[in-house]
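These notes are about the structure you will find just below.
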């Protein structure tokens with residue numbers, strides 16, 4: 067199954083001629099989830115070849131404009147595009163009120179349902195779950211209630227070893243039973259333990275989105291072992307004092323979180339408009355966490371299947 | 067004095083990878099006025115080299131998202147950019163309520179005042195005036211209360227003919243009096259009529275913005291003689307029936323308005339995303355009004371001084 071993250075925006079609140087505010091799309095097996103929705107997100111989706119109608123749900127980290135002002139035009143356009151199925155929006159309060167007044171002033175004729183699900187920003191818990199995915203809220207430390215999100219793929223089903231199927235002449239019924247994890251009793255009465263017949267095709271994968279936040283060791287624990295970690299780095303280490311007061315992180319703090327979480331790979335973004343050279347920021351991170359990359363807009367970060 | 071219009075967005079509601087929703091900047095003598103504010107307008111301003119802090123006022127035609135969703139992020143960012151002087155916003159009701167709830171949910175710490183001035187969409191009247199400019203509301207025919215805007219430069223002051231100053235040996239006081247339009251009495255008692263001493267440097271210029279609207283002969287009358295006319299052409303003439311139902315205009319209707327208004331030049335925009343070839347739309351207009359141009363994003367339309 068494919069598991070990837072497409073970067074739609076990597077800048078903080080102040081716009082620049084090219085960079086857009088925070089927005090990403092998580093794609094798990096062609097199911098698309100929007101994570102934050104800064105201004106211009108609907109255009110960014112189209113530019114990256116992602117049909118906004120395919121979005122399964124939207125996850126908003128907090129109610130600052132640079133993380134959600136793109137949501138309201140997107141909702142309006144989805145109506146024009148013919149959306150008729152509900153859109154699930156996971157966000158902290160009072161997003162419900164904000165959606166209500168948009169309904170009142172702008173969406174009186176919206177042809178589909180917008181369902182808000184309140185995200186509690188002080189608890190680490192599952193906010194959404196389906197057959198393939200769990201999405202966990204990760205409490206963050208920002209100026210307003212803020213949640214990061216941990217996308218955890220569910221354990222893939224067992225595969226049955228082709229050679230064992232031949233050797234034991236397993237029937238379809240027996241193969242299905244083995245996939246369920248059962249031991250198999252052959253016609254001669256011999257019992258084959260499930261572990262001898264099946265194997266896990268690959269390990270369940272995970273992605274964590276941590277923005278906006280001060281340094282949080284607790285958040286690092288909660289995403290421990292994550293395959294791919296996005297952590298905001300609004301500021302260089304030189305601006306540590308300023309970052310602290312603004313509820314943001316520096317390059318070195320992001321790198322420490324990645325190190326503490328034993329993440330396999332780190333992506334950094336939410337850059338202050340003062341930085342023209344994002345490579346310099348990545349280099350700061352790499353002094354602590356070498357496997358660091360920049361969240362370049364349009365870039366797709368793949369999480370490969372591994373056994 | 068410079069008088070120009072910079073196109074920031076030329077598309078209707080549905081976004082395309084490149085086009086932005088309605089937004090323009092009118093520049094009269096380096097005083098900047100934003101006309102409509104579709105999503106992404108703050109980024110479009112920066113891309114076109116216009117500092118958002120220089121905006122004197124904002125004029126919103128109506129409260130559909132594709133004409134105002136960019137205003138709210140712009141207001142938020144202006145605070146971050148250090149704006150401290152009030153921002154005047156001219157728009158139909160209930161923009162005041164909409165600004166209030168943004169204040170409540172997003173701008174609790176906005177460091178400057180946002181002043182809403184209600185625009186009555188059924189009257190043709192001056193909504194704003196200063197030393198160089200009058201801005202008139204022009205009632206339009208759309209699905210919601212909508213006003214177009216007519217930017218009328220005030221008559222420039224009189225110039226005194228250099229040669230006459232020499233011939234009559236006019237004093238500074240006499241020159242100033244002549245600029246005021248007074249006749250001048252020379253020391254020998256001779257009275258020189260003002261008309262013999264002065265001339266108008268150029269004719270006052272005007273720009274009209276008409277979007278969104280059904281065909282309106284009344285609007286054409288109200289902008290009669292305009293130098294530059296922007297008129298929406300959401301649809302081709304082939305879609306006349308659909309356009310009527312949606313409260314929009316076709317190419318030929320826009321051209322007829324330009325013809326009836328005896329405009330000197332027509333710009334068309336607010337194109338439906340279904341049209342890839344805007345030249346074909348302009349060609350339809352030119353069958354009735356030859357001096358038609360496309361509102362290409364980033365293009366600056368200058369209104370030259372003429373005598």
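Protein chains in written order, with the numbering used here: chain G, 67 to 373; chain D, 67 to 373.
Ideal Cβ positions, reconstructed from N, Cα and C, are used throughout, including at glycine.
Residue i CB to nearest heavy atom of the ligand SAM below 6 angstroms
i, result
"residue 97 of chain D", "This structure does not include the ligand SAM; it has no bound ligands of any sort."
Amino acids of chain A, ordered along the chain, whose beta-carbon sits closer than 8 angstroms to that of residue i
i, result
"residue 171 of chain D", "In the structure shown, chain A does not exist; the protein chains are G and D."
Proximal chain G residues relative to residue i, where beta-carbon distance stays under 7 angstroms
i, result
"residue 222 of chain D", "Neighbours of residue 222 of chain D on chain G: none; closest Cβ ~36 angstroms, over 7 angstroms."
"residue 342 of chain D", "By Cβ distance, chain G contributes nothing, its closest Cβ being about 14 angstroms from residue 342 of chain D, past 7 angstroms."
Neighbour list for residue i in chain D, Cβ cutoff strictly below 7 angstroms
i, result
"residue 121 of chain G", "Those do not exist, as residue 121 of chain G stays about 15 angstroms from chain D at its closest Cβ, beyond 7 angstroms."
"residue 167 of chain G", "167"
"residue 139 of chain G", "105, 131 and 135"
Residue i to residue j span [Cα, whole Å]
i, j, result
"residue 279 of chain D", "residue 321 of chain D", "13 angstroms"
"residue 132 of chain D", "residue 138 of chain G", "11 angstroms"
"residue 362 of chain D", "residue 281 of chain D", "22 angstroms"
"residue 95 of chain G", "residue 86 of chain G", "26 angstroms"
"residue 73 of chain G", "residue 120 of chain G", "17 angstroms"
"residue 202 of chain D", "residue 310 of chain G", "49 angstroms"
"residue 97 of chain D", "residue 215 of chain G", "45 angstroms"
"residue 264 of chain D", "residue 236 of chain D", "12 angstroms"
"residue 293 of chain G", "residue 366 of chain G", "15 angstroms"
"residue 240 of chain G", "residue 260 of chain G", "11 angstroms"
"residue 144 of chain G", "residue 286 of chain G", "36 angstroms"
"residue 176 of chain G", "residue 358 of chain D", "36 angstroms"
"residue 352 of chain D", "residue 147 of chain D", "43 angstroms"
"residue 374 of chain G", "residue 219 of chain G", "What the structure shows of chain G is the stretch from 67 to 373, and residue 374 of chain G is not part of that stretch, so it cannot be assessed."
"residue 290 of chain D", "residue 152 of chain D", "33 angstroms"
"residue 157 of chain D", "residue 238 of chain D", "45 angstroms"
"residue 273 of chain D", "residue 226 of chain D", "28 angstroms"
"residue 207 of chain D", "residue 164 of chain G", "30 angstroms"
"residue 186 of chain G", "residue 199 of chain G", "19 angstroms"
"residue 82 of chain D", "residue 106 of chain D", "13 angstroms"
"residue 84 of chain G", "residue 266 of chain G", "44 angstroms"
"residue 298 of chain G", "residue 88 of chain G", "10 angstroms"
Contact list for residue i against chain G, beta-carbon separation under 8 angstroms
i, result
"residue 79 of chain D", "142, 143 and 146"
"residue 106 of chain D", "105, 106 and 109"
Contact set for residue i: own chain, Cβ-Cβ below 6 angstroms, skip 5 residues either direction
i, result
"residue 78 of chain D", "300, 336 and 338"
"residue 221 of chain D", "270"
"residue 324 of chain D", "295, 332 and 355"
"residue 303 of chain G", "316, 317, 318 and 350"
"residue 257 of chain G", "249 and 251"
"residue 159 of chain G", "184"
"residue 209 of chain D", "313"
"residue 125 of chain G", "101, 156 and 215"
Cross-chain neighbours of residue i in chain D, by beta carbon under 8 angstroms
i, result
"residue 113 of chain G", "83"
Sequence-distant residues of the same chain with beta carbon closer than 8 angstroms to residue i, five excluded per side
i, result
"residue 262 of chain D", "230"
"residue 360 of chain G", "76, 333, 334, 335, 344, 345, 347 and 348"
"residue 108 of chain G", "118, 136, 139, 140 and 143"
"residue 70 of chain G", "92, 93, 366, 367, 368 and 369"
"residue 181 of chain D", "152, 153, 154 and 155"
Contact list for residue i against chain G, beta-carbon separation under 9 angstroms
i, result
"residue 337 of chain D", "Under the 9 angstroms cutoff, chain G gives no residues; its nearest Cβ is about 15 angstroms from residue 337 of chain D."
Opening and closing residue of the alpha helix (DSSP H) in which residue i lies
i, result
"residue 349 of chain G", "344-352"
"residue 284 of chain D", "283-288"
"residue 335 of chain G", "Careful: residue 335 of chain G lies outside any alpha helix (DSSP H), inside the beta strand (DSSP E) at 331-335."
"residue 94 of chain G", "No alpha helix (DSSP H) holds residue 94 of chain G; the beta strand (DSSP E) holding it covers 89-94."
"residue 232 of chain G", "228-234"
"residue 40 of chain D", "The shown model of chain D, from 67 to 373, leaves out residue 40 of chain D, and the question about it has no answer."
"residue 307 of chain D", "306-312"
"residue 143 of chain G", "137-146"
"residue 296 of chain D", "Taken as a continuous stretch (DSSP letters only), residue 296 of chain D belongs to no alpha helix (DSSP H), being part of the beta strand (DSSP E) at 294-298."
"residue 115 of chain D", "Residue 115 of chain D -> no alpha helix (DSSP H), and no H or E assigned at all."
Contacts around residue i, its chain only, beta-carbon distance under 7 angstroms, and the 5 residues preceding and following it disregarded
i, result
"residue 246 of chain G", "none"
Residue range of the beta strand (DSSP E) that includes residue i
i, result
"residue 317 of chain G", "Counting along the chain, residue 317 of chain G falls outside any beta strand (DSSP E), though it belongs to the alpha helix (DSSP H) covering 317-326."
"residue 70 of chain D", "69-75"
"residue 367 of chain G", "366-368"
"residue 200 of chain D", "199-205"
"residue 213 of chain G", "213-219"
"residue 195 of chain D", "192-195"
"residue 242 of chain G", "Looking at the DSSP string, residue 242 of chain G is not in any beta strand (DSSP E); the run it does join, the alpha helix (DSSP H), is 238-245."
"residue 171 of chain D", "Careful: residue 171 of chain D lies outside any beta strand (DSSP E), inside the alpha helix (DSSP H) at 161-171."
"residue 383 of chain G", "Here chain G covers residues 67 to 373 and nothing more, so residue 383 of chain G does not appear."
"residue 154 of chain G", "153-157"
"residue 263 of chain G", "Counting along the chain, residue 263 of chain G falls outside any beta strand (DSSP E), though it belongs to the alpha helix (DSSP H) covering 260-263."
Legend entry - Residues, ordered as in the chain, of the stretch 205-222 of chain D that lie near chain G by beta-carbon distance below 8 angstroms: none
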